[in-house]
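Protein chains in written order, with this note's numbering: chain E, 40 to 307; chain W, 9 to 280.
Here's the structure, in structure tokens; my notes come after.
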Amino acid sequence: MAKYLHVLSIGIQNTLVYRVNFLFRAVFGLVPLMGTLFVWQAIYAGKGPDAMVGAYTLQAMVSYYLVVTFVDALTAVAEDDWQIAADIKDGAISQFLLKPMDYLTYRLCLYLSGRTIYTAVALVPVALFAVYLREYFLLPADALTTVLFSLSLVLAALLQFFLAYTMALLAFWVLDVSTFIFIQFAFEYICSGHLFPLDILPPALSRALQCTPYPYLCYFPAAVYLGRVSGEALVQGLFIQAAWVAGAFALARWVWSRGIRRYSAAGG
Amino acid sequence: MRIGIMHQLRRYASLYGALCRISLVQEMMFKVNFSLWILVETLWFALQLAFMGVLYEHTDQIAGWTKWEVIALSGASQFLMQLVSITVMTNLTNLSELIRTGKLDFFLLLPVNTRFLISTRKFEAGNVFNALLGLAVLGYALSRLGVTPSVLQMAGFALLCAAGLVIHYSLMFLLAIIAFWTVRAQGIVWGYYNLFNIARLPDGAIPRGVFKAVFTFVLPMLLVSNVPVKLLTDRLHSPGEGVVLLLLALVCLAVSEWVWRRAMRQYTSASS
């Protein structure tokens, strides 16, 4: 266990080097978000006072995007998938086959330390942004909601990591994984609720999406935060989310064991 | 003198032709990858259109823009962004690497304008398909709107798109050459990519304020796609915006050239 704590601290030191890069990323990332919010404001303004889109008032819509930004800062994979693919291509994983260290746990530690630093850096512009939009910003309704939101956030982060990890392992089979990662990311971007809340879609489509893991990456935690899902549905949702995490973990392990069999340690 | 300029133009045109051929040959070594990148770009474009589709499920107009007008705007902005990708995007992203490793020296020694070479050496042929796709979506949206642009409007559209390309190029070039001072600038150029996202928004949706002023006059994202589409759809009531766009293109180009010369003057290679 201690050795992984060590990895965690090395990871934090390494990512601290990129804090300016992170700051740029966080600030530039807010620009399209502001654009989207302006468009929503224009839509609501065109519909007259007390307008609703789906079950959302303008205030609920804006706070949805704010929560999504927060969830994204805490869970998104930044460089991890590229680095894993590069490790496989350069043969850097060979050392993990010899050392008593599990590669998946090692990467998970690096992911967690990366997210810690990113969140710390991104907190400044995101907090300023939240202050700018303070009339729209809602805190969770009560302590229980906060706890359940935190739980679903952790599950979302794990799911995100295992999916990215598995995608990166494709590097065992193909020369360039970036196209596959971008294709997966495109689906994730729209199906996880990054672009808009999924329940403004036609009901059939929205239900179909609930059968995929994507909503549990982003939409579900945000819905918990905003109190849009409660009672039995919430508990059920958390169980489904946990099941996806377990499934993604099993898949990651399985793909790794298949990949290792093909692995030829190029470049040693 | 005239013959001199014509000669130079022909020389650079044939040089550009050669660069395109080399890039194409390189691309064709990885055909599957080449097609997959086309698929990736297409998918992201489809995603943007799907978002607009979802928005218009819930409203008839956004700041006076109807669904097909906004889709025309998405098409035009996709076209422009792909033009940037075809010609300069990859090269500018790689510039900081050239500086960091000292490979830039090699380009400085060639008997060709350095800025021309580092901006254009890789031609992304795959994006040609996606640029045409953007144009096709624009054309389809116009036909749904029942608009048939005149020859003059089309010529104006081409001119304004060229101005947009110059603006995107100059601003990205400016961001890329920050690397002369900071060494790592890939993140900065990547950040610019985010700005393309607001170019496809109808400008009327953005309220007056700092945000609008910055993205109209400093980084004119709200002009580059909006103005050409407004010209095609007869929404441009006075030539003012078009003139502003053309002037800004000249200003951006001049500023980027000035900063480039300053950067060159203080460049001390990293290799030796």
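All residues carry an ideal CB built from backbone N, CA and C; glycine is no exception.
(message) At a CB distance below 7 Å, what residues from the segment 52 to 76 of chain W approach chain E? Give them in sequence order.
(response) Correct list: Trp52, Leu55, Ala58, Phe59, Val62, Leu63, His66, Thr67, Gln69, Ile70 and Ala71.
(message) For chain W, check one thing: does any of its Cβ atoms lie closer than 7 Å to the Cβ of Pro71 (chain E)?
(response) For Pro71 (chain E), at least one C-beta of chain W is nearer than 7 Å to its own C-beta.
(message) Distance cutoff 7 Å, beta carbons only. Does Gly74 (chain E) sit that close to anything in chain A?
(response) No chain A appears in the structure shown, which is made up of the protein chains E and W.
(message) At a cut-off of 6 Å, would you count Phe87 (chain W) as near the ligand MN, judging by its Cβ distance to the nearest heavy atom?
(response) Among the ligands in the structure shown, none appear at all, so the ligand MN cannot be discussed.
(request) Could you round the C-beta distance between Phe131 (chain W) and Ser31 (chain W) to whole angstroms and report it? I think they count as a contact, below 8 Å. (result) Going by Cβ atoms, the distance from Phe131 (chain W) to Ser31 (chain W) rounds to 4 Å, so yes, they are a contact pair.
(request) Can you give me, in chain order, the residues of the segment 203 to 224 of chain E that have a beta carbon less than 7 Å from any beta carbon in chain W? (result) Per Cβ criterion, the list reads Asp215, Thr218, Phe221 and Ile222.
(message) With a threshold of 7 Å between beta carbons, is Trp189 (chain W) in contact with chain E?
(response) For Trp189 (chain W), no CB of chain E lies under 7 Å from its own CB, so it is not counted at the interface with that chain.
(request) Name, in chain order, the residues that DSSP records as bridge partners for Gln69 (chain W). (result) Checking the DSSP bridge columns, you'll see Gln69 (chain W) partnered with W:Thr74.
(request) Find the nearest neighbour of Thr155 (chain E) within the set E:Arg292, E:Ile127 and E:Gly50, judged by alpha-carbon distance. (result) It is E:Gly50 whose Cα lies nearest to the Cα of Thr155 (chain E).
(request) Have a look at Ala182 (chain E) and Ser189 (chain E) and give me their C-alpha separation to the nearest angstrom. (result) When rounded, the distance between both Cα atoms is 11 Å.
(message) Against chain E, does Leu44 (chain W) count as a neighbour if the rule is that its beta carbon must be under 7 Å from one of theirs?
(response) So, interface residue.
(message) Short of 8 Å in beta carbon distance, which residues of its chain neighbour Arg301 (chain E), apart from the five on each side in sequence? Order them along the chain.
(response) Cβ contact annotation for Arg301 (chain E) (same chain, cutoff 8 Å, sequence separation greater than five): Phe211 and Trp212, in chain order.
(request) Please state whether DSSP places Tyr95 (chain E) in a helix, a strand or coil. (result) In the structure shown, Tyr95 (chain E) sits in a strand (DSSP, three-state: E or B).
(request) Measuring alpha carbon to alpha carbon, tell me which of E:Leu187, E:Thr218, E:Glu227 and E:Asp238 ends up nearest Pro260 (chain E). (result) It is E:Leu187 whose Cα lies nearest to the Cα of Pro260 (chain E).
(request) Would you kindly check if the distance between the Cβ of Leu177 (chain E) and the Cβ of Ser102 (chain E) is under 7 Å? (result) Yes, the pair counts as a contact, with Cβ atoms nearer than the cut-off.
(request) Report the rounded CA-to-CA distance for Pro210 (chain W) versus Val235 (chain W), giving the unit in angstroms. (result) Within the model, the alpha-carbon separation for Pro210 (chain W) versus Val235 (chain W) is close to 10 Å.
(request) Return the chain-ordered ranges of every beta strand (DSSP E) run that is complete within the segment 80 to 123 of chain W and spans a minimum of 3 residues. (result) Counting whole runs of 3 or more residues, the segment 80 to 123 of chain W contains no beta strand (DSSP E) stretch at all.
(request) Give a yes or no on whether the minimum CB-CB distance between Gln161 (chain W) and chain E is below 7 Å. (result) Judged by the 7 Å Cβ criterion, Gln161 (chain W) is not in contact with chain E.
(request) Return the Cβ separation of Asn99 (chain W) and Ser127 (chain W) in integer angstroms, given the expectation that the two are a contact with Cβ distance under 8 Å. (result) Between Asn99 (chain W) and Ser127 (chain W) the beta-carbon gap is near 6 Å, inside 8 Å, which marks them as a contact.
(request) Could you tell me whether the segment 177 to 188 of chain W touches the segment 259 to 271 of chain W, using the rule of 3 or more Cβ pairs below 8 Å? (result) Short answer: they touch.
(message) Measuring CB atoms only, is the segment 97 to 114 of chain E touching the segment 148 to 167 of chain E, in the sense that at least three cross pairs come out at less than 8 Å?
(response) Under the three-pair Cβ rule at 8 Å, the segment 97 to 114 of chain E counts as touching the segment 148 to 167 of chain E.
(message) Quick check: the Cα distance between Ala99 (chain E) and Val294 (chain E), rounded to an integer number of angstroms?
(response) For Ala99 (chain E) and Val294 (chain E), the distance between alpha carbons rounds to 41 Å.
(message) Quick check: Leu237 (chain E) and Pro252 (chain E), are their CB atoms within less than 7 Å of each other?
(response) No; because the gap between Cβ atoms is not below 7 Å, this pair is not in contact.
(message) Mapping the DSSP letters down to three states, classify Gly307 (chain E) as helix, strand or coil.
(response) Note that Gly307 (chain E) scores 47 on pLDDT, short of 50, meaning its location in the model is unreliable and no value can be drawn from it.
(message) At the 7 Å Cβ level, is Phe259 (chain E) part of the contact set with chain W, yes or no?
(response) Not one beta carbon of chain W lies nearer than 7 Å to the beta carbon of Phe259 (chain E).
(message) Taking the alpha helix (DSSP H) that Phe148 (chain W) belongs to, which residues open and close that run?
(response) For clarity, residue 148 (chain W) is Tyr in the given sequence; the question names Phe instead. Counting along the chain, the unbroken alpha helix (DSSP H) around Tyr148 (chain W) starts and ends at Gly134 to Leu153.
(message) Please list, in chain order, the residues of the segment 115 to 132 of chain E that have any C-beta partner in chain W closer than 8 Å.
(response) Those would be none; no residue qualifies.
(message) Just verifying my parser: in three-state terms, what is the DSSP assignment at Met40 (chain E)?
(response) Three-state result, Met40 (chain E): coil.
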